[in-house]
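Structure record follows, encoded as structure tokens.
Residue numbers (my numbering): 2 to 53.
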């Protein structure tokens, strides 16, 4: 069985670790993270816009 390239990429784990180390267990906004080289940001205004 050949190893998959995605298994070596750990940014998804680093993101979870960032929230845990920051004691943000309830994912209080705003959230900032980087995953697979892409930067993400989510705040209440954006989240409210999704609900509309």
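Glycine is no exception: its CB is placed at the ideal position from the N, C-alpha and C atoms.
* Asked: From what residue to what residue does the alpha helix (DSSP H) around residue 46 run?
  -> Translated into positions along the chain shown, residue 46 becomes position 45. Unbroken alpha helix (DSSP H) run through residue 46: 45-52.
* DSSP state of residue 32 mapped onto helix, strand, coil -> Here residue 32 corresponds to residue number 31 of the chain shown, with the count starting at 1. Assigned with DSSP and collapsed to three states, residue 32 falls in strand.
* DSSP on residue 26, reduced to helix/strand/coil? -> Translated into positions along the chain shown, residue 26 becomes position 25. Secondary structure of residue 26 (DSSP, three-state): coil.
* To do: Give a yes or no on whether the C-beta atoms belonging to residue 29 and residue 42 are separated by under 9 Å.
  => Looking up residue 29 in the chain shown gives position 28. Looking up residue 42 in the chain shown gives position 41. Taking 9 Å as the cut-off, the beta carbon of residue 29 is found no closer than this to the beta carbon of residue 42.
* Residue(s) in a DSSP beta bridge with residue 20 -> Here residue 20 corresponds to residue number 19 of the chain shown, with the count starting at 1. Looking at the DSSP assignment, residue 20 forms no beta bridge with any residue, so it has no partner.
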